[in-house]
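Asks: So the sequences go chain by chain: A and B.
Start counting the first sequence at 1; every next residue gets the next number (UniProt numbering).
Start counting the second sequence at 1; every next residue gets the next number (UniProt numbering).
Quick one: structure below, then a few questions.
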Amino acid sequence: MTSERQQDNDTAAAPVLTVRGLRTQVATPRGPKIVVDGLDLDLHPGEVLCIAGESGSGKSMTSLSIMGLLPQPMARVVGGSVTLDGRELVGLGERQMRALRGAEISMIFQEPMTSLNPVLTIGRQITEAIEAHRPLGRAEARTRAIQALEAVRIPEAARRLTQYPHELSGGMRQRVMIAMAMACGPKVLIADEPTTALDVTIQAQILELMRDLRRDSNTAIILITHDMGVVAEMADRVIVMNQGRVVESGPVLDIFERPQAAYTRDLLAAVPRLGANAGRDGPARGQPGRPAEAAPAAPPAEPAPVVRVRDLTVRFDITGGLLQRVVNRVHAVEGVSFDLTPGETLAIVGESGCGKSTTGKALMNLIPWQGEIVIDGTATHGLSRRAMRPVRRHIQMVFQDPYASLDPRMTVGELVAEPLVIHGLASGRELDDRVAELFRRVRLEPEQRHRYPHEFSGGQRQRVCIARALGLSPRVIVADESVSALDVSVQAQVLDLMQELQDELGLSYLFISHDMAVVEQISHRVAVMYMGRIVEIGRRRDVFDTPRHAYTQKLLQAVPLPDPRNRRDHFRKLDGEIPSPVRPLDYAPPPQYFMDVGPGHRVAADPLGAAP
Amino acid sequence: MAAYIARRLLQAVLILIGVSFVTFVLLYLVPADPARQIAGRSATAETVANIRAQLGLDQPFYVQYGRYFMNMIQGDLGRSYLQKTEVAALIAARLPATLQLMAGALFFELLLGLTTGILAALKRGTAIDNALMVGSFIGVSAPQFVVGILLLYVFAVQLGWFPIGGYGTLAHLVLPAITLGILGAGWYSRMMRSSMLDVLRQDYIRTARAKGLDRARVVVRHALPNAILPVIAMIGIDIGLFMSGIVVVESVFGWPGIGQLAWQAIQRVDIPIIMGVTLVSAVAIVLGNLLADLIAPFIDPRIKLR
């Protein structure tokens, strides 16, 4: 099917958009820098062209150059040509460009949360896009806006017009963005990482929607993404970019099955593949593709757990009214129990709001919680800061954003030394040696420790964070989306490092993530959370190969696979929103019962009745 | 909404009680003797003692404050030591002039501050931007009595465009309002500029441009309402700045408002008037902030009053 379409496109209609030798320059403190260097592309009607690449590859700059939306005055197109339907866009005046934007060529962005104006209603924002290009009256524009919302399958379209962006979920907002972009029937839609900020089940809905729109309207789509799974799922043709240059371009099957450039091969090799580890026990070691060393199986028969969690419950109050009384309650975590054994990686997976990060914070005693948590023999409930301090030596945390979790005013050496100083474990010469050793441990040059965080790349910063966590020789590390912000190649290296450290030091990881493919690669056991509860827990192999809970199945089904031959014609049963865990005060969570379906594999017998 | 206002007003009452107490303590600690002020320099010690007893100034602190407090909550702010008039009546007579001055100053500073701030943001990095920011810096740093006298000299004495002093017509209002507002105009200009620059960087501005909207619409419809939010919160605080400014400005221009009243009372240690003006100022600040908080949700639907 795919190849037929491709042939049609290659031979049929003339390209709607042609780019030749596009060069874009950005002014930096160190002088001008070319961020897009000699880009060529042809886009045919009804085609999906994916531009794939890692951060800094110039893929977003390409789209902004085509749209004439480069940030002024820092960036500008310095060469090449962009023709839309035979009309040259480079050098076109702002007024003429404006007439094309939104009408002939539109764009949607990565962050649906921030891409809509918070102080204007949805209706206003869509109708003004229509009115800017079509001589329509208010009422007509409104009718068109409702049609546009219905086209992106937003329920109760008429009512949405009076709502504000914050009243809609992320997925709904991205639908609104698409409705807005498609309202005037553009020939070209540029989608810049449109699903990156969304949960995987919502991502599947949006991707399917984009496919349908392409089919129904014959709009040509440029889809910019870092996610090779999305590329495989969506693309007719692919352009791989690196450092501003096109590395390789061609039909999607060629790119995935016969990549020519070394960079493309490396990129594909670094992508964690869901199912790559099927039929095997324990985590995969090393990068996929490399001969897997005999993976040490999960530690033998039930040693005493290093972390024991029983009936963990975290609720947040929502106050209101004259006396700020509690009016509602967020049931963030509800009766969660698990063990973490030494040397084991337990992954907690789930979508946003499922309570996985809250669970991690409760383990660190960073928020108030109920239930029982025992860390290395110490029950931590109600411990004072002072009493908690020795416990913290055994459990450390690595966060998602290595940029935000390092104080920019301290050198990385000071940052790594800080926990040692706070706990009074080392000083002077000894401290310096310990820090140097930690740097070597995480594969950083000890000489680099006098530099500041901004001098490092994202991956290096995450290594610094890991070194900082390792300083106290903890037994457990809570890794909260620790590799989610990193490019796949860097992600693979950091995951390798984490596994090595586990082998050497016998660390246990509580690996919190939304990324099923990464989880499959790194974990011994997996717990799937939904609405504050664990719905399925078991050995990685059991959960991934024979998922028993409807939600686990849905989650696995939604992940786009980096394999264009394995494209799903449409994502089934994935409609619906992620429900809210905000409950009235008198809400009593229904009791949860688990069924044993295999050794250590437990599935919730759904108390909510219907499958999610 | 009603519950929110009720709670805020309740808080306001507590704030006012706190303000009255702190002011009373400070005035009690001031070494000046009101009785001596009333009696005059030549009066005998006996006369002074009599006056002191008459006013209750010989009582211990807590008795004095207790009496003031009981009267205050019944709406009685006492009588002036010197003029023997009700403080409430004195303030009521002068409040309209002050409110007029404040309204004029607010109008001026918002008009000047917001327009220059927006202009500077849109022309960022250009000569216009630099010139406006130098201007705002001067506005922020120039002392009000200097500005006032300078304006008086140039526009009233030399050019004769405006009356030299007094109160009544719109022409009388112009120079005092500019003098009082110039400080705020500088602040608003800088605030509006940085707020606007911040908003212009936001994703939704890019979205608006991607829709093909023209520049005016992007600025007025999409950027402005978002950029003005922090400025509105500032207006509440501004009322407080005005209160210190009016003492100077009203004296320079002979404006018959409560600033002048306060200035005279301070010189003569007329405690009931000082207390009264302080409380009125506190009320103005509290109400100003409440007003700013009530306006904000009309601009930003995400703000919920609770």
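Just so you know, even glycine gets a beta-carbon here, dropped at the ideal spot from N, CA and C.
Where in the region 106–155 of chain B do unbroken runs of the alpha helix (DSSP H), each at least 4 residues long, occur, reported from the N-terminal end onward?
Replies: List check, alpha helix (DSSP H) in window: 127–141 and 144–151.
Asks: So is R290 of chain A buried or exposed if we call it buried at 16+ other beta carbons inside 10 Å?
Replies: Note that R290 of chain A scores a pLDDT of 38, beneath 50, so its modelled location is shaky and nothing firm can be said.
Asks: Using a 10 Å radius around the Cβ and a threshold of 16 neighbouring Cβ atoms, would you call D480 of chain A buried or exposed?
Replies: It counts as buried.
Asks: Can you list, in chain order, the stretches of the alpha helix (DSSP H) that have 4 or more residues and sit fully within the region 141–179 of chain A?
Replies: Runs found: 157–160.
Asks: Measure the alpha-carbon distance for R475 of chain A versus R214 of chain A and round it to whole angstroms.
Replies: About 52 angstroms.
Asks: So which residues of chain B does Y164 of chain A contact, with C-beta pairs closer than 8 angstroms?
Replies: Neighbours of Y164 of chain A on chain B, chain order: P301 and R302.
Asks: For a contact meaning CB atoms closer than 8 angstroms, what does Y65 of chain B contact in chain A?
Replies: Those do not exist, as Y65 of chain B stays about 29 angstroms from chain A at its closest Cβ, beyond 8 angstroms.
Asks: Answer with yes or no whether the minimum CB distance from E293 of chain A to chain B is below 9 angstroms.
Replies: Because E293 of chain A carries a pLDDT of 44, less than 50, the predicted location of this residue cannot be relied on, and no value is offered for it.
Asks: State the Cα-Cα distance for the pair V283 of chain B and V277 of chain B, rounded to the nearest angstrom.
Replies: Straight-line Cα distance between these residues: approximately 10 angstroms.
Asks: Is there contact between the region 34–48 of chain A and the region 239–246 of chain A, where contact requires at least three CB pairs shorter than 8 angstroms?
Replies: As far as the Cβ criterion goes, the region 34–48 of chain A touches the region 239–246 of chain A, which means the pair count is three or higher.
Asks: Could you tell me which of B:L287, B:Q83 and B:L55 sits nearest to Q11 of chain B, measuring between CA atoms?
Replies: Looking at the Cα atoms, B:L287 is the closest of the given residues.
Asks: Inspect the CB distances between the region 21–29 of chain A and the region 454–467 of chain A and report whether three or more fall short of 8 angstroms.
Replies: As far as the Cβ criterion goes, the region 21–29 of chain A does not touch the region 454–467 of chain A, which means the pair count is below three.
Asks: Have a look at L161 of chain A and D606 of chain A and give me their C-alpha separation to the nearest angstrom.
Replies: One C-alpha to the other measures close to 36 angstroms.
Asks: Would you verify that the beta carbon of Q202 of chain B is, or is not, closer than 9 angstroms to some beta carbon of chain A?
Replies: Output row for Q202 of chain B: interface = yes.
Asks: Let me know if A14 of chain A comes out buried or exposed under the rule of 16 or more other beta-carbons within 10 Å of its beta-carbon.
Replies: Under this definition A14 of chain A is an exposed residue.
Asks: Note down the Cα distance separating L501 of chain A from I466 of chain A, rounded to an integer number of angstroms.
Replies: Going from the Cα of L501 of chain A to the Cα of I466 of chain A covers about 10 angstroms.
Asks: If we ignore side chains and look at the alpha-carbon of each, how far apart do I206 of chain A and A296 of chain B end up?
Replies: Each residue's alpha carbon lies about 34 angstroms from the other.
Asks: With DSSP as the reference, please indicate the residues paired to Q25 of chain A in a beta bridge.
Replies: In the DSSP output, where bridge partners are listed per residue, Q25 of chain A has A:I34 and A:R76.
Asks: Could you check the C-alpha separation between E111 of chain A and E150 of chain A for me, to the nearest Å?
Replies: Going by the C-alpha atoms only, they are around 22 angstroms apart.
Asks: Run through DSSP, which three-state label would T169 of chain B get?
Replies: Reduced to three states, the DSSP call for T169 of chain B is coil.
Asks: Can you tell which of A:P453, A:S508 and A:M516 has the C-alpha that lies nearest to the C-alpha of S484 of chain A?
Replies: Nearest option by C-alpha distance: A:M516.
Asks: Quick check: is the beta carbon of N328 of chain A nearer than 9 angstroms to any beta carbon in chain B?
Replies: Not closer than 9 angstroms to any Cβ of chain B, the Cβ of N328 of chain A fails to qualify, so no.
Asks: Could you give the DSSP three-state label for I299 of chain B: helix, strand or coil?
Replies: Three-state DSSP puts I299 of chain B in a helix.
Asks: Short of 7 angstroms in beta carbon distance, which residues of its chain neighbour S115 of chain A, apart from the five on each side in sequence? Order them along the chain.
Replies: Around S115 of chain A: F109 and M177.
Asks: Identify the continuous beta strand (DSSP E) that holds Q370 of chain A and give its terminal residues.
Replies: Its beta strand (DSSP E) spans residues Q370 to I375.
Asks: Please report the straight-line C-alpha distance between L209 of chain A and R409 of chain A, rounded to a whole angstrom.
Replies: If you take the alpha carbons of L209 of chain A and R409 of chain A, they lie about 45 angstroms apart.
Asks: Count the other CB atoms, across all protein chains shown, that sit within 10 Å of the CB of F456 of chain A; report buried if there are 16 or more and exposed otherwise.
Replies: Buried, because 16 or more other Cβ atoms sit within 10 Å of the Cβ of F456 of chain A.
Asks: At 3 residues or longer, and completely inside the region 473–511 of chain A: list those beta strand (DSSP E) runs for me, N to C.
Replies: Here the runs fully enclosed are 476–480.
Asks: Given that E111 of chain A touches chain B, what residues does it touch there, using C-beta distances under 7 angstroms?
Replies: Chain B residues near E111 of chain A: D203.
Asks: Which residues of chain A have a Cβ atom closer than 7 angstroms to the Cβ of D214 of chain B, listed in chain order?
Replies: Going along chain A in sequence order, the residues near D214 of chain B (Cβ under 7 angstroms) are R98.
Asks: I need the straight-line Cα distance from A297 of chain A to A550 of chain A, nearest angstrom please.
Replies: Its pLDDT being 48, under 50, A297 of chain A is placed unreliably in this model, and the coordinates cannot settle the point.
Asks: Taking just the CA atoms, how far does H423 of chain A sit from E430 of chain A?
Replies: Approximately 14 angstroms between the Cα atoms of the pair.
Asks: Report, in whole angstroms, the separation of the C-beta atoms of L340 of chain A and V314 of chain A, which I expect to be a contact under 8 angstroms.
Replies: About 18 angstroms separates the two Cβ atoms, so there is no contact after all.
Asks: May I have the straight-line CA-CA distance separating G286 of chain A from L497 of chain A, to the nearest angstrom?
Replies: For G286 of chain A, the predicted model reports a pLDDT of 49, less than 50, meaning its position is unreliable and no value from the coordinates is stated.
Asks: Is the separation between the beta-carbon of V519 of chain A and that of I537 of chain A shorter than 9 angstroms?
Replies: Contact flag unset, no.
Asks: Under the DSSP definition of a beta bridge, which residues are partnered with G538 of chain A?
Replies: In DSSP, G538 of chain A forms a bridge with A:V526.
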